[in-house]
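In this note's numbering, the protein residues as written are 10 to 129.
Everything on this sheet refers to the single structure shown next.
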Ligand SMILES: Cc1cc2nc3c(=O)[nH]c(=O)nc-3n(C[C@H](O)[C@H](O)[C@H](O)COP(=O)(O)OP(=O)(O)OC[C@H]3O[C@@H](n4cnc5c(N)ncnc54)[C@H](O)[C@@H]3O)c2cc1C
């Protein structure tokens with residue numbers, strides 16, 4: 010497979026930094042490289058890179074004969090409210106929260122309970 014100059018540059022950057030760069034930085038560079046090389050066709054498209062989508066995409070990608078695209082609607086998770094577990098509650102109602110609510114429940118005095126699936 011042919012690679013462009015920018016691909017080669019990114020690959021070089023990744024391999025140069027592998028020894029001394031944090032895992033998150035290597036992930037960022039890899040995602041930058043893959044995003045720059047989107048294909049017009051994939052064998053599998055997994056929607057949502059949360060807990061389950063990430064695992065499904067990873068398992069599918071173990072087969073070198075298939076191409077897999079994992080898409081994610083949310084933004085970066087590289088923020089203290091995600092990386093520091095004791096700050097989890099700061100995500101509630103933030104831009105990382107889909108802000109879903111349950112239907113009003115007559116067994117809860119008609120209250121509508123917030124449901125806070127994350128968007129990262
Ligand atoms: C604040 C909080 C703390 C939690 N703490 C824990 C814990 O300590 N331990 C534990 O076991 N569980 C915890 N959970 C629960 C756990 O996060 C969920 O059970 C789990 O993430 C659900 O996995 P999932 O793959 O179904 O969905 P998610 O992990 O929510 O993944 C769904 C992904 O799909 C993306 N998405 C949605 N719509 C689209 C679209 N149209 N296009 C592209 N992408 C899309 C979303 O942005 C999201 O990234 C916590 C949940 C919250 C909200």
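We put the beta carbon where it would ideally sit given N, CA and C, even for glycine.
Just so you know, these numbers come straight off a predicted model, no measurement behind them.
Less than 8 Å separating the beta-carbons of residue 103 and residue 110?
no
Coil, strand or helix - residue 73 by DSSP
coil
Going by DSSP, what residues sit across from residue 109 in a beta bridge?
124
Rounded to a whole number of angstroms, what is the C-alpha to C-alpha distance between residue 112 and residue 125?
14 Å
Whole angstroms is fine: what's the gap from residue 38's alpha carbon to residue 60's?
21 Å
Going along the chain, which residues of its own chain have a beta-carbon closer than 6 Å to the beta-carbon of residue 69, five neighbours each way excluded?
53, 77
Apart from the five residues on each side of it in sequence, which residues of its chain come closer than 7 Å, Cβ to Cβ, to residue 40?
none
With respect to 7 Å, is the separation between the Cβ of residue 126 and the closest non-hydrogen atom of ligand 1 below this value?
yes
Just to confirm, does residue 80 get its C-beta within under 7 Å of one of the non-hydrogen atoms of ligand 1?
yes
Quick one: is residue 55 buried, meaning 16 or more other Cβ sit within 10 Å of its Cβ, or exposed?
buried
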